[in-house]
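**Q** Below is a structure I'd like to ask you about.
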Amino acid sequence: DPTTDFRVRQLLNGARRLRPSRDARLALSLAQMEQLCGALNFLALSPLDRLAFRAIFCLAFFALLRPGEVVLGRDTTHTVRLGHVRMVGQRLSITVPSSKTATSPFHTSFDARPDMALCPVAAGRDYLAVRGAGSPADILFCQRLAGRQAGLDASRLSGHCLRISGASHGAAIGMTDAQLRQAGR
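One rule links them: number in this note's numbering = place in the sequence shown (from 1) + 999.
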């Protein structure tokens, strides 16, 4: 059987990589993000958790954050801490201390957008006002429950969907590839 030869197996593996794979993760539109955040109102969550998840969803979407940057993951050095978030007037600034692709900090900021239902500044401000110092870190993965409530395919939702969704939204509103690469680190 010639397919057992090492060289043939390597050629077959290379040929498989040439075929584009389909990403099963869902890239949410802005309207679907609004549904997802709206679904939080129908889940049995405390008011603090509801605000926390809304802030996590909005910040991950608009800042293209990875799951481990928003909530504690395996490598806690990447996680955004309370001290990495600053509200100054109507501007929210976030510093991602490091990521899996960069060891240096990444800074991003947003101006308030009262005209938008999903304003990351409003979501962050509302959460920070209620959170208080010393509150334990909240987990992200309740979005599957919110996804079902929003009528989204929960089997295709993951923590990374918010990053993918934000990048897709950026492309849809005209961000260049270079801008998207910079925003996504």
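In this text, a Cβ means the ideal position worked out from N, Cα and C, and glycines have one as well.
Please go through the same chain and pick out, in chain order, the residues whose beta-carbon is closer than 6 Å to the beta-carbon of Val1084, but skip the five residues on each side of it.
**A** Counting only Cβ-Cβ distances below 6 Å, and skipping sequence neighbours, we find Ile1093.
**Q** Just checking my contact of Ser1045 with His1077 at CB under 8 Å: how many whole Å lie between their CB atoms?
**A** That pair is no contact at about 27 Å.
**Q** Are the CB atoms of Phe1060 and Ser1164 nearer to each other than 8 Å?
**A** Against a cut-off of 8 Å, the Cβ pair of Ser1164 and Phe1060 comes out as a contact.
**Q** Beta-carbon within less than 8 Å of Thr1100's beta-carbon, same chain only, minus the 5 sequence neighbours each way: which residues are those?
**A** Arg1184, listed in sequence order.
**Q** When the Cα atoms are used, what is the spatial distance from Leu1010 to Leu1039?
**A** Spanning the two alpha carbons is a distance of roughly 49 Å.
**Q** Skipping 5 residues on each side, what residues in its chain have a beta carbon closer than 6 Å to that of Gln1034?
**A** Answer for Gln1034: Ala1149, listed in chain order.
**Q** Hey, out of Leu1029, Arg1112 and Thr1002, whose CA is closest to Cys1160's CA?
**A** That would be Leu1029, whose Cα lies nearest to the Cα of Cys1160.
**Q** With burial defined as no fewer than 16 other Cβ atoms inside 10 Å of the residue's Cβ, what is the status of Gln1142: buried or exposed?
**A** Confidence at Gln1142 is low in this model, with a pLDDT of 43, below 50, so the placement of that residue should be treated as unreliable; the coordinate-derived value is given next. Buried is the call here.
**Q** Tell me the start and end of each unbroken beta strand (DSSP E) in the segment 1018-1064 that is at least 3 residues and wholly inside, in chain order.
**A** Segments of the beta strand (DSSP E) lying fully in the segment 1018-1064: there are none.
**Q** Leaving out the 5 sequence neighbours to the left and right, which residues in its chain are closer than 7 Å to Ala1116 when beta-carbon positions are compared?
**A** Within the same chain, Ala1116 has close Cβ partners Glu1033.
**Q** On a Cα-Cα basis, can you pick out the residue from Val1129, Arg1090, Ala1170 and Ala1171 that is closest to Asp1048?
**A** Ranking the options by Cα distance to Asp1048, first place goes to Val1129.
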